[in-house]
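Peer 1:
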Amino acid sequence: MKLVKKILLYEIHNTIRSKWVILYTFFFFLVGYGLFTFSGDVNKAYISLMNIIIIVIPLVSIIFGSIYFYNSREFIEMMLSQPIDRKSLYIGIFLGTAIPLSAGFGIGFSLPFILFGKVSEQIEGFFLLLLIGILLTFVFIALSFLISVKQDDKSKGLGLAILIWLILAVVYDGIVLLVIYYFQDYPLENAMIVLSAFNPIDLGRILFLMKFDIAALMGYTGAVFQRFFGSPLGVIVSIICLLAWIVIPFFLSHRFFKKKDF
Numbered sequence: 062m063k064l065v066k067k068i069l070l071y072e073i074h075n076t077i078r079s080k081w082v083i084l085y086t087f088f089f090f091l092v093g094y095g096l097f098t099f100s101g102d103v104n105k106a107y108i109s110l111m112n113i114i115i116i117v118i119p120l121v122s123i124i125f126g127s128i129y130f131y132n133s134r135e136f137i138e139m140m141l142s143q144p145i146d147r148k149s150l151y152i153g154i155f156l157g158t159a160i161p162l163s164a165g166f167g168i169g170f171s172l173p174f175i176l177f178g179k180v181s182e183q184i185e186g187f188f189l190l191l192l193i194g195i196l197l198t199f200v201f202i203a204l205s206f207l208i209s210v211k212q213d214d215k216s217k218g219l220g221l222a223i224l225i226w227l228i229l230a231v232v233y234d235g236i237v238l239l240v241i242y243y244f245q246d247y248p249l250e251n252a253m254i255v256l257s258a259f260n261p262i263d264l265g266r267i268l269f270l271m272k273f274d275i276a277a278l279m280g281y282t283g284a285v286f287q288r289f290f291g292s293p294l295g296v297i298v299s300i301i302c303l304l305a306w307i308v309i310p311f312f313l314s315h316r317f318f319k320k321k322d323f
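Per the working numbering, residue 62 is the first one in the sequence shown, and the count goes up by one each step.
1) Give me the Cα-Cα distance between valine 296 and leucine 268, rounded to the nearest whole angstrom.
2) Assuming leucine 110 and valine 82 make a contact with CB atoms under 8 Å, what is their CB distance in whole Å?
3) Using a 10 Å radius around the Cβ and a threshold of 16 neighbouring Cβ atoms, would you call valine 308 buried or exposed?
4) Helix or strand or just coil, what does DSSP make of alanine 277?
5) Are there 16 or more other CB atoms within 10 angstroms of the CB of lysine 67, so buried, or fewer, so exposed?
6) Count the other CB atoms within 10 Å of the CB of glycine 144; is the residue buried (16 or more) or exposed (fewer)?
7) Leaving out the 5 sequence neighbours to the left and right, which residues in its chain are closer than 8 Å to lysine 320 when beta-carbon positions are compared?
8) Where does tyrosine 107 land, buried or exposed, given buried means 16+ other C-beta within 10 angstroms?
9) Quick check: the stretch 110 to 121 against the stretch 215 to 233, are at least 3 beta-carbon pairs closer than 8 Å?
10) Along the chain, where does the alpha helix (DSSP H) containing tyrosine 247 start, and where does it finish?
11) May I have the straight-line CA-CA distance separating tyrosine 94 from proline 173, to the nearest angstrom?
12) Can you look up glycine 178 in the DSSP assignment and give me helix, strand or coil?
13) Taking the alpha-carbon positions, what's the glutamate 72 to glycine 165 distance?
14) Less than 7 Å between C-beta atoms, sequence neighbours within five positions excluded: which residues of the same chain meet that for proline 161?
15) Between the alpha carbons of leucine 141 and arginine 316, how many angstroms are there, rounded?
16) Using a Cβ-Cβ cutoff of less than 7 Å, which residues in the same chain neighbour cysteine 302 once the five nearest sequence positions on both sides are dropped?
17) What separation, rounded to the nearest whole angstrom, lies between the Cα atoms of glycine 218 and glycine 178?
18) Can you tell me whether serine 109 is helix, strand or coil according to DSSP?
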């Protein structure tokens with residue numbers, strides 16, 4: 062545990078110095094500040110921020126995580142030459158990457174709400190969007206580490222990371238529409254619920270939908286998910302599925318990391 066803490070603190074210090082994290086924090090601050098400057102409607106701001114969060118956070122997280130892991134290979138090799146536990150090293154690097162990026166989002170996202178005094182107007186929505194952003198950060202950092210551990214070539218790994226983001230953020234919706242079109246004569250509610258569980262970005266939409274009850278804006282899967290489960294159960298299932306998207310890639314990548322010959 063002490064070793065994990067030491068590695069974690071070193072990685073956090075190293076990650077915080079990255080220009081990526083600073084620009085990332087500043088980006089969310091500018092977006093939130095701009096929305097509240099030009100629009101006083103906090104509900105419209107939440108919807109706009111949600112649309113930005115579910116696209117930007119996955120893209121930045123999966124690219125940043127992949128680049129950071131590839132750039133840390135020399136450090137990993139040096140650490141593995143010492144009598145240390147691979148599990149502690151991996152957990153320290155993972156958390157040292159995910160926590161600063163989550164903190165950068167949290168600070169950049171929260172400051173405009175605090176400056177404009179908007180937190181109290183819709184406090185549940187504020188914490189819900191904050192939770193979605195943090196969960197998506199950990200999900201795509203876990204996916205980026207899984208890719209980086211399995212693929213030694215940096216360019217191929219980054220290409221695969223972008224491809225996965227593209228599929229989940231863009232192509233997935235097209236696949237859902239095709240399924241709806243070709244199987245419109247059949248009951249699709251259960252199938253849509255299963256499909257939604259295979260996309261963490263869609264789960265983020267659904268989790269937001271459960272709070273704001275705007276099914277028409279969240280797409281077909283979100284509306285079906287709400288009608289089938291109802292709000293309380295839907296929120297619980299969405300969070301469990303998102304946590305599974307963190308845990309499964311993390312343990313798979315950790316297993317590969319323990320066996321990997323650096």
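Using N, Cα and C, we set each Cβ at its ideal position, and we do this for glycine too.
Peer 2: Inspection of the coordinates gives the following:
1) The alpha-carbon atoms of valine 296 and leucine 268 are separated by roughly 6 Å.
2) Actually they are not in contact, since the Cβ atoms of leucine 110 and valine 82 sit about 19 Å apart, beyond 8 Å.
3) Sixteen is the threshold: since fewer than 16 other Cβ atoms of the shown chains lie within 10 Å of the Cβ of valine 308, the residue is exposed.
4) In this prediction, alanine 277 has a pLDDT of 49, which is less than 50 and means its spatial position is unreliable; what the coordinates show is noted afterwards. DSSP places alanine 277 in helix when its eight states are reduced to three.
5) Here lysine 67 is exposed. Its C-beta has fewer than 16 other C-beta atoms within 10 Å.
6) Inspection of the sequence shows that residue 144 is occupied by proline rather than by glycine. Around the C-beta of proline 144, fewer than 16 other C-beta atoms lie within 10 Å, and the residue is accordingly described as exposed.
7) There are no such residues.
8) Buried, because 16 or more other Cβ atoms sit within 10 Å of the Cβ of tyrosine 107.
9) The stretch 215 to 233 makes contact with the stretch 110 to 121, as at least three CB pairs between them are under 8 Å.
10) Tyrosine 247 -> no alpha helix (DSSP H), and no H or E assigned at all.
11) Distance between the alpha carbons of tyrosine 94 and proline 173: 5 Å.
12) DSSP, read as helix, strand or coil, puts glycine 178 in coil.
13) Distance between the alpha carbons of glutamate 72 and glycine 165: 15 Å.
14) Ile73, Thr76, Ile77 and Val82, listed in sequence order.
15) Annotation: leucine 141 to arginine 316 spans about 16 Å, alpha carbon to alpha carbon.
16) If we look at cysteine 302 and ignore the five residues flanking it on each side, its Cβ neighbours are Ala258 and Leu264.
17) Cα to Cα, glycine 218 sits roughly 43 Å from glycine 178.
18) In this structure, serine 109 counts as helix in the three-state DSSP scheme.
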